[in-house]
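This report refers to the structure that appears directly beneath it.
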Amino acid sequence: MITCRRRSARALAGLLAVAAVLLTGCSSAPPTVTFEIAGNALTAAPTQFCDNAMEDCTDDPNARVTAAVAPGTPIRIAVPEEVSSGPWQVAYAFTRGDDPEPVQQRSEIATADSRTEFTLNLPEPTDQLVTAQVQLFGPAPAIDPQTQQLQFPVRATWVLVGEQPQP
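The sequence shown lines up with residues -29 to -1, 1 to 138 when you count with mature numbering (1 follows the signal peptide of the UniProt record, and there is no 0).
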(Lines of atoms letter the chains of each structure in order from A and count residues from 1; the text may use other names and numbers.)
(Lines give C-alpha, C1' and ligand atoms only; values in the text may rest on other atoms or scores of the structure.)
Protein backbone atom coordinates (compact mmCIF):
# COMPACT_ATOMS: atom_id res chain seq x y z
CA MET A 1 0.00 0.00 0.00
CA ILE A 2 2.83 2.42 0.82
CA THR A 3 4.51 1.65 -2.54
CA CYS A 4 1.32 2.57 -4.45
CA ARG A 5 0.99 5.85 -2.57
CA ARG A 6 4.63 6.73 -3.25
CA ARG A 7 4.19 5.96 -6.98
CA SER A 8 1.01 8.03 -7.09
CA ALA A 9 2.75 10.91 -5.32
CA ARG A 10 5.69 10.73 -7.74
CA ALA A 11 3.34 10.57 -10.73
CA LEU A 12 1.39 13.56 -9.43
CA ALA A 13 4.60 15.52 -8.82
CA GLY A 14 5.74 14.70 -12.36
CA LEU A 15 2.43 15.84 -13.84
CA LEU A 16 2.58 19.08 -11.86
CA ALA A 17 6.13 19.74 -13.09
CA VAL A 18 5.06 19.19 -16.72
CA ALA A 19 2.05 21.47 -16.23
CA ALA A 20 4.27 24.19 -14.75
CA VAL A 21 6.62 24.01 -17.75
CA LEU A 22 3.68 24.20 -20.18
CA LEU A 23 2.13 27.15 -18.37
CA THR A 24 5.47 28.96 -18.29
CA GLY A 25 5.81 28.45 -22.06
CA CYS A 26 2.37 29.99 -22.59
CA SER A 27 3.32 33.17 -20.79
CA SER A 28 6.60 33.78 -22.60
CA ALA A 29 7.19 37.23 -24.02
CA PRO A 30 6.18 37.83 -27.63
CA PRO A 31 8.99 38.02 -30.19
CA THR A 32 10.80 41.26 -30.99
CA VAL A 33 11.93 42.70 -34.33
CA THR A 34 15.13 44.67 -34.96
CA PHE A 35 15.21 47.81 -37.11
CA GLU A 36 18.77 48.86 -38.01
CA ILE A 37 19.30 52.44 -39.21
CA ALA A 38 22.81 53.61 -40.16
CA GLY A 39 24.40 51.03 -37.85
CA ASN A 40 22.08 51.71 -34.89
CA ALA A 41 19.86 48.79 -33.90
CA LEU A 42 16.46 49.34 -32.30
CA THR A 43 14.53 46.44 -30.82
CA ALA A 44 10.75 46.70 -31.07
CA ALA A 45 8.17 44.74 -29.13
CA PRO A 46 4.88 44.17 -30.97
CA THR A 47 2.26 46.93 -30.91
CA GLN A 48 -0.32 44.20 -31.56
CA PHE A 49 0.11 40.48 -30.93
CA CYS A 50 -2.51 37.73 -31.31
CA ASP A 51 -2.37 33.97 -31.02
CA ASN A 52 -2.68 31.90 -34.21
CA ALA A 53 -6.47 31.73 -33.89
CA MET A 54 -6.70 35.55 -33.45
CA GLU A 55 -8.65 34.98 -30.22
CA ASP A 56 -6.17 36.13 -27.57
CA CYS A 57 -4.76 39.55 -28.52
CA THR A 58 -2.81 42.27 -26.76
CA ASP A 59 -2.23 45.84 -27.91
CA ASP A 60 0.60 48.11 -26.82
CA PRO A 61 0.78 51.29 -28.93
CA ASN A 62 3.73 52.43 -26.79
CA ALA A 63 5.85 49.50 -28.02
CA ARG A 64 6.68 51.31 -31.27
CA VAL A 65 10.21 52.62 -31.65
CA THR A 66 11.14 56.06 -32.98
CA ALA A 67 14.34 57.10 -34.72
CA ALA A 68 15.76 59.93 -36.76
CA VAL A 69 16.06 58.61 -40.31
CA ALA A 70 17.86 60.71 -42.91
CA PRO A 71 16.18 60.79 -46.35
CA GLY A 72 17.12 57.81 -48.48
CA THR A 73 18.63 55.83 -45.58
CA PRO A 74 18.13 52.06 -45.99
CA ILE A 75 16.54 50.28 -43.04
CA ARG A 76 17.57 46.70 -42.34
CA ILE A 77 14.86 44.69 -40.64
CA ALA A 78 15.58 41.38 -38.89
CA VAL A 79 12.81 39.08 -37.68
CA PRO A 80 13.15 36.06 -35.41
CA GLU A 81 12.08 32.52 -36.31
CA GLU A 82 8.72 33.05 -34.56
CA VAL A 83 7.95 35.64 -37.25
CA SER A 84 9.75 34.13 -40.26
CA SER A 85 7.99 30.80 -39.75
CA GLY A 86 4.81 32.45 -41.06
CA PRO A 87 4.06 34.79 -43.95
CA TRP A 88 5.05 38.42 -43.26
CA GLN A 89 5.66 41.69 -45.04
CA VAL A 90 6.71 45.29 -44.44
CA ALA A 91 4.14 48.06 -44.91
CA TYR A 92 5.69 51.52 -45.04
CA ALA A 93 4.88 55.16 -45.66
CA PHE A 94 7.11 57.99 -46.82
CA THR A 95 6.87 61.56 -48.05
CA ARG A 96 8.32 63.04 -51.21
CA GLY A 97 9.81 66.53 -51.33
CA ASP A 98 7.42 69.20 -50.10
CA ASP A 99 4.32 67.00 -50.42
CA PRO A 100 3.16 66.27 -46.83
CA GLU A 101 0.79 63.48 -47.97
CA PRO A 102 2.47 60.10 -47.23
CA VAL A 103 2.83 57.52 -49.99
CA GLN A 104 1.98 54.03 -48.73
CA GLN A 105 3.58 50.88 -50.11
CA ARG A 106 4.19 47.26 -49.14
CA SER A 107 7.01 44.83 -49.70
CA GLU A 108 6.41 41.48 -51.30
CA ILE A 109 5.12 38.88 -48.87
CA ALA A 110 7.84 36.68 -47.42
CA THR A 111 6.47 33.15 -47.39
CA ALA A 112 6.93 30.95 -44.34
CA ASP A 113 10.58 30.08 -43.64
CA SER A 114 11.83 31.96 -46.73
CA ARG A 115 13.68 34.89 -45.09
CA THR A 116 14.59 36.46 -41.77
CA GLU A 117 15.74 39.85 -43.07
CA PHE A 118 14.51 42.61 -45.34
CA THR A 119 16.19 45.86 -46.36
CA LEU A 120 13.79 48.73 -46.95
CA ASN A 121 15.07 51.13 -49.60
CA LEU A 122 12.75 54.01 -50.42
CA PRO A 123 12.26 54.68 -54.16
CA GLU A 124 14.12 58.04 -54.32
CA PRO A 125 17.14 59.22 -52.29
CA THR A 126 15.19 62.29 -51.13
CA ASP A 127 12.19 60.29 -49.82
CA GLN A 128 11.60 60.63 -46.05
CA LEU A 129 10.41 57.61 -44.04
CA VAL A 130 7.25 58.16 -41.98
CA THR A 131 6.65 54.61 -40.72
CA ALA A 132 7.76 51.04 -41.33
CA GLN A 133 5.64 48.22 -39.99
CA VAL A 134 6.42 44.51 -39.94
CA GLN A 135 3.15 42.60 -40.32
CA LEU A 136 2.83 38.90 -39.47
CA PHE A 137 -0.19 37.39 -41.16
CA GLY A 138 -2.66 35.20 -39.30
CA PRO A 139 -5.33 32.83 -40.61
CA ALA A 140 -6.11 32.42 -44.29
CA PRO A 141 -7.59 35.42 -46.12
CA ALA A 142 -11.37 35.71 -46.15
CA ILE A 143 -14.02 37.87 -47.79
CA ASP A 144 -15.33 40.66 -45.53
CA PRO A 145 -19.13 40.20 -45.60
CA GLN A 146 -19.76 43.96 -45.35
CA THR A 147 -17.32 45.23 -47.98
CA GLN A 148 -16.91 42.08 -50.10
CA GLN A 149 -13.16 42.82 -50.07
CA LEU A 150 -10.55 40.15 -49.52
CA GLN A 151 -9.10 40.63 -46.01
CA PHE A 152 -5.67 39.41 -44.95
CA PRO A 153 -5.75 39.07 -41.14
CA VAL A 154 -2.62 40.51 -39.50
CA ARG A 155 -1.96 38.88 -36.15
CA ALA A 156 1.09 40.87 -35.10
CA THR A 157 2.76 44.19 -35.92
CA TRP A 158 6.04 45.88 -35.01
CA VAL A 159 6.35 49.59 -35.77
CA LEU A 160 9.18 52.02 -36.48
CA VAL A 161 8.28 55.72 -36.64
CA GLY A 162 10.77 57.76 -38.64
CA GLU A 163 11.61 61.34 -37.77
CA GLN A 164 13.61 63.84 -39.74
CA PRO A 165 17.08 64.21 -38.26
CA GLN A 166 17.76 67.54 -36.54
CA PRO A 167 20.43 69.67 -38.29
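All C-beta atoms in this analysis are idealised placements derived from N, C-alpha and C, irrespective of residue type, glycine included.
Sheet register partners of residue i (DSSP bridge)
i, result
"Val130", "Gln104"
"Ile48", "Phe6 and Phe89"
"Asn11", "Ile8"
"Thr37", "Val132"
"Ile114", "Leu121"
"Ala81", "Trp59"
"Ala64", "Gln75 and Thr102"
Own chain residues within Cβ distance below 8 Å of residue i, not counting five before or after
i, result
"Met25", "Gly109, Pro110, Pro124 and Arg126"
"Ala81", "Ser55, Pro58, Trp59, Gln60 and Phe89"
"Gln75", "Ala62, Tyr63 and Ala64"
"Gly(-5)", "The predicted position of Gly(-5) is uncertain, since its pLDDT is 42 and thus under 50; no value can be drawn from it."
"Gln104", "Val61, Ala62, Tyr63, Thr128, Trp129, Val130 and Leu131"
"Thr66", "Glu72, Pro73, Val74, Asp98, Gln99 and Val101"
"Glu7", "Leu13, Ile46, Arg47, Ile48 and Ala49"
"Asn11", "Ala38"
"Asn23", "Gly109, Pro110 and Arg126"
Nonlocal neighbours in the same chain, by C-beta distance under 6 Å from residue i, ignoring five residues either side
i, result
"Arg36", "The amino acid occupying residue 36 in the given sequence is Val; Arg does not appear at that position. Once the five neighbours on either side are set aside, the close Cβ partners of Val36 are Leu13, Ala15 and Leu131."
"Arg77", "Gln60 and Ala62"
"Asp30", "Gln19"
"Ala5", "Contrary to the premise, residue 5 reads as Thr rather than Ala in this sequence. For Thr5, where only same-chain residues beyond five positions count, the Cβ hits under 6 Å are Ala12, Thr14 and Ala49."
"Pro51", "Pro2"
Host beta strand (DSSP E) of residue i (start-end)
i, result
"Gly30", "For the sequence presented, residue 30 should be read as Asp rather than Gly. That run of the beta strand (DSSP E) goes Cys28 to Asp30."
"Glu72", "Asp70 to Arg77"
"Gln19", "Gln19 to Cys21"
Close Cβ partners of residue i (< 7 Å) along its chain, the five nearest in sequence each way excluded
i, result
"Asp27", "Cys21"
"Thr102", "Tyr63, Ala64, Val130, Leu131, Val132 and Gly133"
"Ala9", "Thr44"
"Leu93", "Gly43, Phe65 and Leu100"
"Ala34", "Ala15, Ala16, Pro17 and Thr18"
"Gln106", "Trp59, Gln60, Ala62, Val125 and Thr128"
Notebook entry, point to check: Within the chosen definition, does the region 48 to 62 reach the region 82 to 96 through at least 3 CB pairs nearer than 8 Å?
Noted result: yes
Notebook entry, point to check: Just checking, does the region 92 to 105 make contact with the region 42 to 52 on the three C-beta pairs under 8 Å criterion?
Noted result: yes
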